[in-house]
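Undergrad:
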Amino acid sequence: MQRKSPHSSMRLRKLAYNYPDSTGHFGPYGGIYVAETLMGALDELRVAYEHYSVDPEFKAELAYELKHYVGRPSPIYHARHWSKRLDGAQIYLKREDLNHTGAHKVNNTVGQALLAKRMGKPRVIAETGAGQHGVATATVAARYGMECVVYMGAEDIKRQATNVYRMKLLGATVVPVESGSKTLKDALNEAMRDWVTNIENTFYIIGTVAGPHPYPMMVRDFNSVVSQECMLQMPELAGRQPDAVIACVGGGSNAMGIFHSYIDVPGVQLIGVEAAGSGIASGQHAAAITAGKPGVLHGNRTYLLQDENGQIIETHSISAGLDYPGVGPEHAWLKDSGRAQYVAIEDSEALQAFHDLCHYEGIIPALESSHALAYAAKIAPTMGHDKVLLVNLSGRGDKDMATVARVSGIEL
Amino acid sequence: MSRIQTTFEKLKQRGCKALIPFVTAGDPNPQITVSLMHALAEVGADIIEVGVPFSDPMADGPTIQRSSERALKHGVTLHDVLDMVAEFRTKDERTPVVLMGYGNPIEAMGWERFATRCAQTGVDGVLTVDFPPEESHEAFGHLHRHGVDPIFLLAPTTSDARIEQVAKLARGYVYYVSLKGVTGAGHLDLSAIAQKIPHIRQHIGLPIGVGFGIRDAETALAVSKLCDGVVIGSRIVQEIESSNEESVISNVARLVKELRLAINYT
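Heads up: the protein sequence lines correspond to chains A and B, in order.
Following my numbering, the numbering of the first sequence begins with 1 at its first residue and continues without gaps.
Following my numbering, the numbering of the second sequence begins with 1 at its first residue and continues without gaps.
Dropping the structure here:
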């Protein structure tokens with residue numbers, strides 16, 4: 001539509017996406033909602049990030065690490081066999097599962113660790129749900145010789161014993177969090193408390209595009225290498241950009257990563273897939289945009305799952321990585337502005353996609369990514385064979401073996 | 001003149017410092033809170049801070065988080081807390097009450113409705129821990145219009161520019177957080193407080209309360225010499241936690257009375 005307009009280039013410039021604003025707002029969302037005790041540290045971080053994000057030396061080191069340590073660029077793979085079975089749109093997979101540590105999370109932890117190093121912080125802390133971000137943080141802490149403490153809900157520690165052991169192997173201290181619901185949100189609360197107490201020597205590596213400014217912007221920027229690569233890879237491989245980009249959304253870091261460069265590209269639909277758990281109607285889900293309403297938690301204004309009194313409610317998803325009651329503020333804005341659409345996929349649908357990808361493509365996807373795959377499988381048959389879907393395969397499924405076996409009634 | 005202002009004026013005339021205890025509404029149960037507030041006023045609390053329970057109290061330590069959890073188990077809502085203040089006001093017109101908590105329960109109620117209810121029930125001040133001045137102009141405009149004082153935190157790390165910002169919005173008193181960390185932490189640094197308070201006074205004319213890390217008569221006395229009031233939270237909540245339901249009021253009253261006597265010597 002815009003291409004036909006004689007003023008298209010001017011209109012495009014005007015439309016150029018430029019969020020957040022200088023105070024960290026994406027429209028009404030985002031911002032800095034923290035206690036006074038953290039304001040100084042956030043200010044220090046913002047200034048450092050503003051400086052180093054355009055520093056040629058920093059950018060060169062980050063690029064080197066992403067190439068040689070993480071293994072970037074990750075390939076895009078045309079899932080021909082599965083697409084044929086679905087008999088519709090062609091599905092392409094961005095293979096973030098092939099990164100070192102097996103997920104997109106490391107793109108961000110490498111970036112933040114390099115920043116921590118430059119800021120002279122010898123100690124890094126992180127929160128983790130399934131353990132993926134904890135492992136990615138422990139990994140870079142080992143790589144750069146930093147002390148690492150990871151906060152993890154006591155419930156999650158029980159569910160993710162292998163990842164706990166991985167973190168310990170990498171030299172991290174894993175602290176069980178016994179407060180609240182003993183899951184990701186409580187781990188985040190606890191990490192914030194550590195940070196506020198140890199501000200001088202500690203850098204808090206947040207794992208998703210949430211938290212107070214500058215975190216949502218910074219985590220998005222470090223992950224946007226994913227869409228920068230896709231912009232070059234898709235024309236090479238598919239002859240054009242995709243009709244839609246699909247990614248799962250918990251906090252939303254892998255989705256922001258693969259959406260970001262496409263926001264200004266007209267004609268590319270952006271679709272975020274939330275976890276519908278046992279179904280939205282059941283109340284047992286983690287779909288903050290689909291079923292939540294705006295509020296303030298963990299330093300930012302965004303969509304939240306909360307009761308009518310503003311208390312945050314517990315979430316449910318087969319995938320621990322999507323089990324979070326909020327969502328990054330930029331997603332809230334992309335939803336309200338209409339630039340992205342958000343849908344929800346139930347546990348059973350995600351599991352079906354998990355098995356299908358194993359079966360038809362020989363790829364074991366993470367249960368998180370399986371939500372995005374499931375939505376692609378849902379819409380592909382309704383589209384022509386010439387249509388192109390790009391799915392972020394944000395992580396590999398090795399960590400989910402025990403969960404999948406259990407729900408399949410198999411004892412390992 | 002607001003109830004908070006009147007209170008500080010009177011204290012000043014008598015050369016006294018304010019004693020500001022904190023209890024979480026509904027801890028250990030919702031039936032006890034109003035009686036507990038009366039008991040606090042009786043033994044010499046000048047202002048009572050009432051915690052509004054929240055599921056994710058990020059800036060609080062484990063002690064106050066547990067008190068929030070106990071209250072939430074009883075289903076205590078912001079509406080209930082406001083009703084408790086209204087009930088307290090039927091017998092106490094004098095003691096200022098400040099609600100302290102996190103922004104989201106207020107967001108869920110709506111700021112205008114909340115401010116209206118505060119004015120109706122007799123809430124004098126509101127401290128939302130996670131709403132710094134940058135994000136508070138609209139929200140606290142509602143409070144200003146209804147004559148409810150927004151209370152702000154200041155930290156050792158707060159810059160002069162931000163103290164100025166707080167000065168524009170704050171009413172009643174400001175609350176200086178005496179240490180880095182969360183509520184209930186240890187290591188109180190008196191010399192740092194002694195340095196920072198005069199500095200804050202250059203920017204803000206309001207009385208300054210100091211809290212976080214005050215645990216006993218000795219620390220209360222030492223801190224009270226440096227400021228206009230001392231806030232005691234975690235220590236009181238610990239007392240509630242370690243008491244049974246029959247003894248909780250008398251135990252808390254005994255503790256607060258000790259603190260009252262201690263700071264009277266300033």
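Beta carbons: idealized from backbone N, C-alpha and C, even for Gly.
All values reported here derive from a predicted model rather than from experimental measurement.
1) Under 8 Å, Cβ to Cβ, is there at least one residue of chain A near Met37 (chain B)?
2) Rounded to the nearest angstrom, what separates Arg396 (chain A) and Gly267 (chain A) at their Cα positions?
3) Skipping 5 residues on each side, what residues in its chain have a beta carbon closer than 6 Å to that of Ile76 (chain A)?
4) Only counting the same chain, and skipping five residues up and downstream in sequence, which positions put a Cβ closer than 6 Å to that of Met10 (chain A)?
5) Which one of A:Ala41, A:Arg406, A:Asp186 has the shortest CA to CA distance from Ile157 (chain A)?
6) Between Glu65 (chain A) and Val110 (chain A), what straight-line distance do the alpha-carbon atoms span, to the nearest angstrom?
7) Check whether the Cβ atoms of Leu170 (chain A) and Gly129 (chain A) lie closer than 8 Å to each other.
8) Label Arg14 (chain B) either buried or exposed according to how many other C-beta atoms from any shown protein chain fall within 10 Å of its C-beta, with 16 as the threshold for buried.
9) What do you get for Asn309 (chain A), buried or exposed, if any count of 16 or more other CB atoms within 10 angstroms of its CB means buried?
10) In the DSSP assignment, find the unbroken alpha helix (DSSP H) run with Tyr173 (chain B) in it and report its ends.
11) Can you check which of these residues, A:Thr197, A:Ile289, A:Lys399, A:Val177, is closest to Asp306 (chain A) by C-alpha distance?
12) For Val223 (chain B), list the residues DSSP reports as bridge partners.
13) How would you call Pro167 (chain A), buried or exposed, if buried means at least 16 neighbouring beta carbons within 10 angstroms?
14) Report the CB separation of Ile263 (chain A) from Tyr17 (chain A) in whole angstroms; it is logged as a contact under 8 Å.
15) Inspect the CB distances between the region 105-124 of chain A and the region 48-58 of chain A and report whether three or more fall short of 8 Å.
16) Return no unless some Cβ of chain A is closer than 8 Å to the Cβ of Ala18 (chain B).
17) Where do the N-terminal and C-terminal ends of the alpha helix (DSSP H) with His371 (chain A) fall, by residue?
18) So, helix, strand or coil for Cys431 (chain A), using DSSP?
19) In the DSSP output, what is Leu393 (chain A) paired with across the bridge?
20) Measure the Cβ-Cβ separation of Leu188 (chain B) and Gly213 (chain B) and say whether it is below 8 Å.
21) Using the Cβ count rule (16 or more neighbours within 10 Å means buried), how would you classify Tyr165 (chain A)?
22) Given Gln238 (chain B), which residues of its chain have a CB within under 7 Å of its CB, disregarding the five upstream and five downstream residues?
23) Pull up the distance between the alpha-carbon of Gln2 (chain A) and that of Val265 (chain A), whole angstroms please.
24) Assuming Asn300 (chain A) is part of the alpha helix (DSSP H), what are its boundary residues?
25) On the DSSP bridge assignment, give the partners of Glu147 (chain A) in chain order.
26) Scan the region 29-53 of chain B for residues whose Cβ lies nearer than 7 Å to a Cβ of chain A and list them as they occur along the chain.
27) Measure the alpha-carbon distance for His7 (chain A) versus Leu322 (chain A) and round it to whole angstroms.
28) Any C-beta of chain B sitting closer than 8 Å to the C-beta of Tyr33 (chain A)?
29) Answer yes or no: does any C-beta atom of chain A fall closer than 8 Å to that of Phe131 (chain B)?
30) Note down, in chain order, each residue of its chain lying with its Cβ closer than 8 Å to the Cβ of Ala141 (chain A), except the 5 sequence neighbours on either side.
31) Can you give the Cα-Cα distance for Ile206 (chain A) and Cys230 (chain A), rounded to whole angstroms?
32) Less than 8 Å between C-beta atoms, sequence neighbours within five positions excluded: which residues of the same chain meet that for Ile267 (chain B)?
33) To the nearest angstrom, report how far apart Leu389 (chain A) and Ala79 (chain A) are at their CA atoms.
34) If you scan the region 21-58 of chain A from start to end, which runs of the alpha helix (DSSP H) of 4 or more residues do you find wholly inside it?
35) Quick check on the burial criterion: 16 or more other C-beta atoms within 10 angstroms. Buried or exposed for Ser250 (chain B)?
TA: Walking through what the data contain:
1) No, because no Cβ of chain A sits closer than 8 Å to the Cβ of Met37 (chain B).
2) The alpha-carbon atoms of Arg396 (chain A) and Gly267 (chain A) are separated by roughly 29 Å.
3) Listed in chain order, the non-local C-beta contacts of Ile76 (chain A) below 6 Å within the same chain comprise Tyr92, Lys94, Gln233, Leu237, local neighbours out to five positions each way being set aside.
4) With a pLDDT of 41 at Met10 (chain A), under the threshold of 50, the modelled position of this residue cannot be trusted; read the value that follows with caution. If we look at Met10 (chain A) and ignore the five residues flanking it on each side, it has no Cβ neighbours.
5) Of the listed residues, the one whose Cα sits closest to Ile157 (chain A) is A:Asp186.
6) Between Glu65 (chain A) and Val110 (chain A), the alpha-carbon positions lie close to 8 Å from each other.
7) Remark: C-beta atoms of Leu170 (chain A) and Gly129 (chain A) do not approach each other more closely than 8 Å.
8) By the neighbour-count definition (other C-beta atoms within 10 Å, threshold 16), Arg14 (chain B) is an exposed residue.
9) Looking at its Cβ environment, which holds 16 or more other Cβ atoms inside 10 Å, Asn309 (chain A) is buried.
10) Annotation for Tyr173 (chain B): no alpha helix (DSSP H) segment contains it, and DSSP assigns it neither H nor E.
11) Going by the sequence as given, residue 306 (chain A) is Gln instead of Asp. Among A:Thr197, A:Ile289, A:Lys399, A:Val177, the Cα nearest to that of Gln306 (chain A) is on A:Ile289.
12) DSSP output for Val223 (chain B) lists no bridge partner at all.
13) For the record, residue 167 (chain A) in the displayed sequence is Met; it is not Pro. If you draw a 10 Å sphere on the C-beta of Met167 (chain A), you find 16 or more other C-beta atoms in it, and that means buried.
14) That pair is a contact at about 4 Å.
15) Touching, per the Cβ criterion.
16) The beta carbon of Ala18 (chain B) sits no closer than 8 Å to any beta carbon of chain A.
17) Here the alpha helix (DSSP H) through His371 (chain A) covers 367-379.
18) Because chain A spans 1 through 412 in this model, residue 431 (chain A) falls outside it and cannot be assessed.
19) A:Arg95, per the DSSP bridge assignment.
20) For Leu188 (chain B) and Gly213 (chain B), yes; Cβs fall inside 8 Å.
21) Tyr165 (chain A) sits exposed, since fewer than 16 C-beta atoms from the chains shown fall within 10 Å of its C-beta.
22) Same-chain partners within the cutoff: Thr63.
23) The predicted model places Gln2 (chain A) with a pLDDT of 40, which falls under 50 and marks its position as unreliable; any figure quoted below should be read in that light. Cα-Cα distance, rounded: 11 Å.
24) Premise fails: Asn300 (chain A) lies in the beta strand (DSSP E), 299-304, not in any alpha helix (DSSP H).
25) Paired residues: A:Arg123.
26) When C-beta distances to chain A are compared with 7 Å, every residue of the region 29-53 of chain B stays at or above that value.
27) Because His7 (chain A) carries a pLDDT of 41, less than 50, the predicted location of this residue cannot be relied on, and the following value inherits that uncertainty. If you take the alpha carbons of His7 (chain A) and Leu322 (chain A), they lie about 42 Å apart.
28) Yes, Tyr33 (chain A) counts as interfacial toward chain B.
29) Using beta-carbon distances, Phe131 (chain B) counts as an interface residue toward chain A, with a partner under 8 Å.
30) Cβ neighbours of Ala141 (chain A) beyond the five flanking positions: Ala113, Val124, Glu147, Cys148, Leu170, Gly171, Ala172.
31) Looking at the backbone, the Cα of Ile206 (chain A) and that of Cys230 (chain A) are separated by about 25 Å.
32) No information on residue 267 (chain B) is available, as it lies outside the stretch 1 to 266 that chain B covers here.
33) In a straight line, the C-alpha of Leu389 (chain A) is about 10 Å away from that of Ala79 (chain A).
34) Runs found: 36-52.
35) With fewer than 16 other Cβ atoms within 10 Å, it is exposed.
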